[in-house]
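Residues 1 to 349, numbered by UniProt numbering, are exactly what the sequence shown covers, in order.
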Amino acid sequence: MTSAAIIPSTDLDRPELRRPMTDPFGRTIDYLRVSITDRCDFRCVYCMAEDMTFLPRADLLSLEELDRLCSAFIAKGVRKLRLTGGEPLVRRNMMSLVRSLSRHLKSGALDELTLTTNGSQLARFAAELADCGVRRINVSLDTLDPAEFRRITRWGELDRVLAGIDAALAAGLAIKINTVALKGTNEDEIPSLMRWAHGLGMGLTLIEVMPLGEIGEGRIDQYVPLSLIRARLAANYTLTDLPDSTGGPARYVRIEETGGRLGFITPLTHNFCESCNRVRITCTGTIHTCLGHEDASDLRRPLRASADDALLSAAIDRAIGTKPKGHDFIIDRRHNRPSVSRHMSVTGG
Ligand code: SAM
Ligand code: SF4
């Protein structure tokens with residue numbers, strides 16, 4: 001196993017020390033996703049049960065601790081940071097974290113600071129996000145039908161999200177819409193969602209339902225393979241494959257008729273693990289090196305154990321050294337239960 005040397009985050013100013021972390025399979029780890037809260041103002045049917053129990057607030061890392069943790073990863077070669085949740089924009093005072101992390105953009109240590117949001121609070125925060133150097137965001141939206149939107153999110157209001165998207169576009173943020181393809185729910189709406197997104201200059205990425213966490217109903221009823229959606233789209237549109245550039249699970253095509261980009265995230269029908277460049281941390285400071293495994297290591301204890309980052313940095317190295325080769329997802333009639341017991345709102349997707 002090789003991994004980066006232990007570098008205190010105080011050495012962030014010395015780029016020559018920022019060597020990328022490498023996992024046991026030779027993959028460079030330069031992308032960190034951080035769930036800054038497990039709470040959310042929606043209760044999407046594929047993500048959470050309506051009576052979801054959240055973590056006690058006392059278990060959460062403070063915003064200052066999250067900043068220190070992210071900065072330690074940046075010192076170890078992370079170049080892209082995504083804040084997610086739960087809903088990241090509902091965490092109180094979260095803009096102070098964004099503002100403070102933006103110093104790494106200014107110094108050149110970080111290439112990108114971004115977030116994934118349900119859009120409900122975007123109208124309030126879009127301009128400030130842009131001011132902090134955020135350039136692109138992902139907004140999750142599964143339908144443009146208000147009643148269907150309410151049914152899928154249980155608590156959400158479509159108009160608020162659309163107003164948030166308008167505000168973000170007006171602030172100059174590039175947007176990618178993420179849509180979970182749901183059998184019998186939004187699968188027929190995907191062409192019109194795509195035309196809407198592309199008409200506003202936004203990309204659209206489709207996601208297969210993943211078996212994460214108990215949600216109170218079976219996923220076999222929600223799952224539709226994207227291979228089927230793609231074949232249906234190909235009957236009416238010209239799809240041109242684009243080279244993969246993200247190192248992530250998405251495969252992209254250009255739709256010649258709209259000029260827009262369409263992505264497919266297919267964890268269940270396509271194995272993307274060989275190019276995986278990312279790890280995830282939760283709002284309690286647990287690191288998961290694979291979305292599809294139960295693997296977990298605690299970083300909160302080493303973070304709190306001392307004011308300098310040596311223990312933390314060593315714990316990060318040990319965790320990266322356990323990153324598995326690939327995921328364990330499976331949904332079929334014999335496996336109609338979560339492969340991984342934690343919810344997406346814990347690891348942030
Ligand atoms: N609340 C924010 C949002 O919805 O964008 C950020 C967190 S959410 C967990 C991140 C992404 O995960 C969303 O695009 C959501 O649709 C997706 N997601 C949640 N549960 C999922 C599941 N079981 N399978 C596939 N995607 C899921
Ligand atoms: Fe909340 Fe996002 Fe999960 Fe929906 S998908 S319940 S918005 S965390």
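Where is the CB? At the ideal position from N, CA and C, for every residue including glycine.
- Contact annotation: the region 65–79 does not touch the region 220–234, with fewer than three C-beta pairs closer than 8 Å.
- A Cβ-Cβ distance of about 5 Å is found for the pair THR284 and ASP59, placing them in contact under the 8 Å criterion.
- For THR53, the Cβ stays outside the 7 Å cut-off from all heavy atoms of the ligand SAM.
- Note on SER227: under 16 other CB atoms within 10 angstroms of its CB, so exposed under the neighbour-count rule.
- By the criterion of at least three beta-carbon pairs nearer than 8 Å, the region 135–148 is in contact with the region 172–188.
- Following the DSSP letters along the chain, one finds LEU200 in no alpha helix (DSSP H), marked with neither H nor E.
- Beta-bridge annotation (DSSP): HIS288 is paired with ARG280.
- When DSSP reads this structure, ASP241 sits in a beta bridge with VAL253.
- A straight line joining the alpha-carbon of LEU291 with that of ARG280 spans about 8 Å.
- A direct Cα-to-Cα measurement between THR289 and ARG278 gives close to 7 Å.
- By DSSP's assignment, MET21 forms a beta bridge with ILE29.
- Taking a cut-off of 8 Å for Cβ pairs, the region 303–323 and the region 89–106 do not touch, as fewer than three such pairs fall below it.
- For ILE137, the enclosing beta strand (DSSP E) has its first and last residue at 136–140.
- Here the C-alpha atom of GLY248 lies approximately 34 Å from the C-alpha atom of SER306.
- Sequence-distant Cβ neighbours of GLU87 in its own chain, meaning closer than 8 Å and more than five residues away, are THR37, ARG39, CYS40, ASP41, PHE42, THR117, ASN118, SER120, GLN121.
- For CYS44, the shortest separation between its Cβ and any heavy atom of the ligand SAM lies below 7 Å.
- In this structure, MET194 lies near LEU262, with their beta-carbon atoms less than 8 Å apart.
- At the C-beta level, ARG91 and CYS276 stay beyond 8 Å of one another.
- Contact annotation: GLY77 and ASP23 have beta-carbon atoms that are not nearer than 8 Å.
- Taking all protein chains in view, the Cβ of SER35 is crowded by 16 or more other Cβ atoms within 10 Å, so the residue is classified as buried.
- Shown here, ARG150 sits in a helix according to DSSP, grouped into three states.
- Approximately 6 Å separates the beta-carbon atoms of VAL45 and ILE152; this is inside 8 Å, confirming the contact.
- Distances from the alpha-carbon of ALA123 to those of ALA168, LEU141, ARG82, ALA310 put ALA168 closest.
- When beta bridges are read from the DSSP output, ASN178 appears opposite SER140, THR205.
- Annotation for LYS325: PHE25, CYS273 place their beta carbon closer than 8 Å to its own, counting only its chain and skipping 5 residues before and after.
- The closest heavy atom of the ligand SAM lies 7 Å or more from the beta carbon of GLU294.
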